[in-house]
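S.K.: In this note's numbering, the protein residues as written are 304 to 457. Glycine residues also receive a C-beta, built at the ideal position from the N, C-alpha and C atoms. Following this message is one structure expressed as structure tokens.
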């Protein structure tokens with residue numbers, strides 16, 4: 304039997320993927336400039352077609368990461384060989400975003416979050432950065448999404 308809402312799921316996934324990429328860029332801009340996150344979010348929304356992105360998801364990700372950066376960094380640093388501030392700023396935005404999703408968006412499978420983060424890293428970072436991002440996020444997922452990770456390995 305064919306699922307009738309399959310095209311809707313694909314378009315939601317595509318819109319969320321675009322929202323993640325834009326959120327990463329907005330978080331990067333915030334990290335680098337220290338500008339008001341409200342202003343940055345509005346810039347991104349003004350510059351991008353709202354039909355092609357999940358505006359609510361974008362807003363949740365950007366506000367969530369910037370509003371809980373201390374908690375996210377504390378969680379991340381347990382699994383990193385260096386301080387978060389020593390990490391490339393683009394990689395930092397990507398891993399903060401992914402950890403926020405691990406913690407707050409249990410409706411999104413951890414593998415989706417992990418794959419999206421690795422793909423965005425391959426797109427925006429240096430050649431081997433994705434291996435670092437994957438390793439850190441894999442360790443974080445094992446803590447935050449323990450049951451889901453164990454179930455996926457069976």
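1. Just verifying my parser: in three-state terms, what is the DSSP assignment at residue 304?
2. Quick one: grab the DSSP three-state call for residue 323.
3. Kindly provide the ranges of any alpha helix (DSSP H) runs that are 4 or more residues long and lie completely inside the stretch 342-372, ordered along the chain.
4. Measuring only the C-alpha atoms, how far is residue 360 from residue 425?
5. Under three-state DSSP, which class holds residue 400?
6. Under a three-way DSSP split, which group does residue 409 fall into?
7. Please name the residue in 333, 442, 402, 344 whose C-alpha comes closest to that of residue 375.
8. On the CB-based measure, 16 or more other CB atoms within 10 Å of its CB, does residue 344 come out buried or exposed?
9. So, are the CB atoms of residue 334 and residue 395 less than 8 Å apart?
10. For residue 452, which option in 390, 411, 422, 354 has the closest C-alpha, if you only look at C-alpha atoms?
M.R.: Short version:
1. Here the model assigns residue 304 a pLDDT of 42, short of 50, so the residue's position is not dependable, and the following value carries that caveat. Residue 304: coil per DSSP, three-state reduction.
2. Shown here, residue 323 sits in a helix according to DSSP, grouped into three states.
3. Complete alpha helix (DSSP H) runs here, min 4: 358-370.
4. Going by C-alpha positions, residue 360 is about 22 Å away from residue 425.
5. Reduced to three states, the DSSP call for residue 400 is helix.
6. Residue 409: coil per DSSP, three-state reduction.
7. Minimum Cα distance to residue 375 is reached at 402.
8. Residue 344 comes out buried.
9. Contact flag set, yes.
10. For residue 452, the nearest C-alpha among the options comes from 411.
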